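Working notes, structure below.
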Amino acid sequence: MASPFLATAALDMAALADLDRRHLVHPHQRSDRTDRAVIVRGQGCAVWDADGAEYLDATGGANWLCQVGHGRAELAEAAAEQLRQLPYFTSFDVFSNDKSIRLATRLAGLAPAGLGQVFFTCGGSEGVDTAIKAARLYHHRRGESERTWILARRFGYHGATYGSGTATGFDGMQHAVGPNLPHVHKLTPPFPYHSEWFEGRGCTDFLIDELAAAIEQIGAHNIAAMIGEPVMAGGGVVPPPDDYWPRVRALLRHNGILLIADEVVTAFGRTGAWFDSPGRGMDPDMIVTAKGLTSGYAPLGAVLFNEDIAAAVTDDGFFHGYTYFGHPTACAIALANLDLIENEGLLDRSRQIGAWLREGLTAAESLPVVGDIRMAGATIGVELVADRATREPIMAGPAATEIRKAHGVIVRDYGNTVVIAPPLVMDEQQAARTVEAMTSVLTRLHPDGTIAPR
Ligand code: PMP
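With the first letter of the sequence shown counted as 1, position 324 gets the number 324 in this note's numbering; the numbers rise by one all the way through.
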């Protein structure tokens with residue numbers, strides 16, 4: 001079916017969906033989902049499908065990004081200008097380019113103190129792999145080569161490569177693909193709603209004891225680092241108790257274990273700040289970012305190292321890196337994107353959007369199928385349960401689909417949680433429309449998972 005006309009011919013939704021099913025292998029593909037929503041245009045928080053139907057994008061490109069909204073001319077112009085000037089040049093060895101230097105400098109200025117050394121990637125998974133390698137190499141160069149273990153958490157999402165995918169706390173990511181990364185140990189996540197996991201004890205007390213026991217069992221001298229999202233995103237938007245990260249941090253530091261903050265979702269305003277980890281008392285040694293760095297206008301990630309790690313890994317050379325490291329066009333877009341986030345006050349706006357959404361969802365709180373509503377900045381997770389006492393889950397897929405198809409609002413489902421994570425330019429009316437759509441569907445959702453007609 002490959003033919004030159006494909007690039008330009010008018011193809012409606014049915015035709016595109018048919019070609020999609022025949023030729024596109026989707027990430028996170030699920031065999032029970034055969035329908036397709038082919039999005040072809042976006043402006044602000046609105047997107048249009050191939051048949052011209054308009055949707056309200058309440059999940060930032062359905063992937064927690066698009067901070068500045070769709071269709072921003074400023075970013076298109078930054079990209080076009082850079083493509084004319086220098087689309088690409090390597091940063092390997094002695095080479096560099098002006099945009100990656102400017103962006104690294106800008107990031108160093110925004111980052112928590114001490115995290116001023118930047119390593120670029122194409123996205124989050126490569127960033128997590130980079131951080132894991134850097135942690136192991138750091139210890140090796142300091143004469144502690146046996147420090148190879150990585151601590152991670154169930155329900156944490158860190159990516160899909162073998163390294164990041166093994167750190168990810170969903171078994172499906174590691175299933176039936178041969179040996180995964182060795183020396184990864186999973187801990188219980190800080191998920192206060194699921195008090196049944198903590199054996200009747202306080203969430204943080206339980207988790208600190210569990211962490212201490214894991215360190216004891218594996219041996220501190222064998223552990224390189226722990227990785228965690230400040231607020232778990234794909235795990236269901238889960239802010240930890242306030243004392244969780246400070247106590248984890250102290251225990252890790254006491255044992256010489258590095259801390260990697262996965263801020264792929266949380267950075268660049270998603271939770272109301274440039275970076276989320278400082279506000280949670282995390283004080284990491286490395287931060288992994290991606291997504292909001294370019295608002296998704298180009299694939300780009302960045303790992304921020306502290307000086308000791310940067311010095312240790314570069315000491316005898318860092319034989320690691322990707323062709324598109326510091327891609328000038330992606331970096332030019334990121335610079336323009338950070339300008340927009342700053343100049344348009346999108347960090348404050350993020351908190352405002354979160355407040356509109358959370359306030360609007362107050363009525364939904366008492367619905368029998370709503371177990372818990374959690375938020376971090378402009379990011380909301382609504383956990384669905386068949387029974388509020390047992391917290392038995394209702395998978396959120398059908399509700400998310402109904403919200404999109406019947407109300408034209410795009411939200412995402414992660415297990416039994418419906419997630420809202422809109423562009424940070426959402427206005428009050430759009431927030432109200434999102435809440436209305438959610439509330440209507442959740443009101444019609446039965447504990448058996450079926451949805452009554454409108
Ligand atoms: N970390 C987190 C917290 C993520 O949410 C994701 C992607 N959703 C990743 C890492 C992986 O990023 P990427 O898909 O860009 O490789």
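Using N, Cα and C, we set each Cβ at its ideal position, and we do this for glycine too. In this text, all values refer to a predicted model and were calculated from it rather than measured experimentally.
Tell me, please, which residues DSSP counts as bridged to TYR55.
-> VAL47
May I have all residues whose beta carbon comes closer than 6 Å to any heavy atom of the ligand PMP, sorted in chain order?
-> GLY123, GLY124, SER125, VAL128, TYR157, HIS158, GLY159, GLU229, ALA233, GLY234, ASP262, VAL264, VAL265 and ALA290
In the structure shown, what three-state DSSP assignment does PHE198 receive?
-> helix
Cβ distance (whole Å) where GLY301 is taken to contact THR121 below 8 Å | 4 Å
Got a sec, what are the start and stop residues for the beta strand (DSSP E) GLU383 sits in?
-> 379-387
CB of ASP262 within 7 Å of CB of HIS158, strictly = yes
Considering only residues of the same chain and omitting the five flanking positions on each side of HIS407, which have a CB-CB separation below 6 Å?
-> ALA437
Quick one: give me the first and last residue of the alpha helix (DSSP H) that LYS291 is part of.
-> No alpha helix (DSSP H) holds LYS291; DSSP gives it neither H nor E.
Is it true that the CB of PRO299 sits closer than 7 Å to the CB of LYS99?
-> no
Mind checking which residues open and close the alpha helix (DSSP H) that includes ARG253?
-> 244-254
Pick from TYR162, TYR88 and GLY172 that is closest to GLN29, judged by C-alpha positions | GLY172
Measure the alpha-carbon distance for PRO190 versus LEU19 and round it to whole angstroms.
-> 43 Å
Decide yes or no for the touch test of the segment 52-72 against the segment 272-289: beta carbon pairs closer than 8 Å, at least 3 of them.
-> no
What is the residue span of the alpha helix (DSSP H) that HIS140 lies within?
-> 124-141
Using the DSSP secondary-structure output, state which residues sit across from HIS185 in a beta bridge.
-> LEU151
DSSP three-state assignment for VAL25, whether helix, strand or coil | coil
So, is GLU359 buried or exposed, given that buried needs 16 or more other C-beta atoms within 10 angstroms?
-> exposed
Mark LYS291 as exposed unless 16 or more other C-beta atoms lie within 10 angstroms of its C-beta, in which case mark it buried.
-> buried
ALA435: first and last residue of the uninterrupted alpha helix (DSSP H) it sits in | This sequence places Val at residue 435; Ala is not what is there. Per DSSP, VAL435 belongs to the alpha helix (DSSP H) from 428-444.
Simplified DSSP state of GLN67, which is helix, strand or coil = coil
Give every residue of the same chain whose Cβ lies closer than 7 Å to the Cβ of LEU107, excluding the five residues on either side of it in the sequence, and list them in chain order.
-> VAL118, ALA302 and LEU304
Could you round the C-beta distance between VAL238 and ARG374 to whole angstroms and report it? I think they count as a contact, below 8 Å.
-> 6 Å
Selected residue, minimal CA-CA separation from LEU367, among GLU383, GLY377, LEU181 and VAL184 | GLU383
Please confirm whether GLY163 and LEU151 have their CB atoms less than 7 Å apart.
-> no
For PRO393 and LEU258, the rounded distance between their alpha carbons | 35 Å
Enclosing alpha helix (DSSP H) for THR329 [first to last residue] = 328-343
If you drop the 5 nearest sequence neighbours on each side, which residues of the same chain put their C-beta closer than 7 Å to that of PRO246?
-> GLY281
Quick one: grab the DSSP three-state call for PRO393.
-> strand
Going straight from the alpha carbon of THR417 to that of ARG154, what length do you get?
-> 16 Å
Residue range of the unbroken beta strand (DSSP E) whose run includes VAL313 | Segment 307-315 is the alpha helix (DSSP H) holding VAL313; no beta strand (DSSP E) there.
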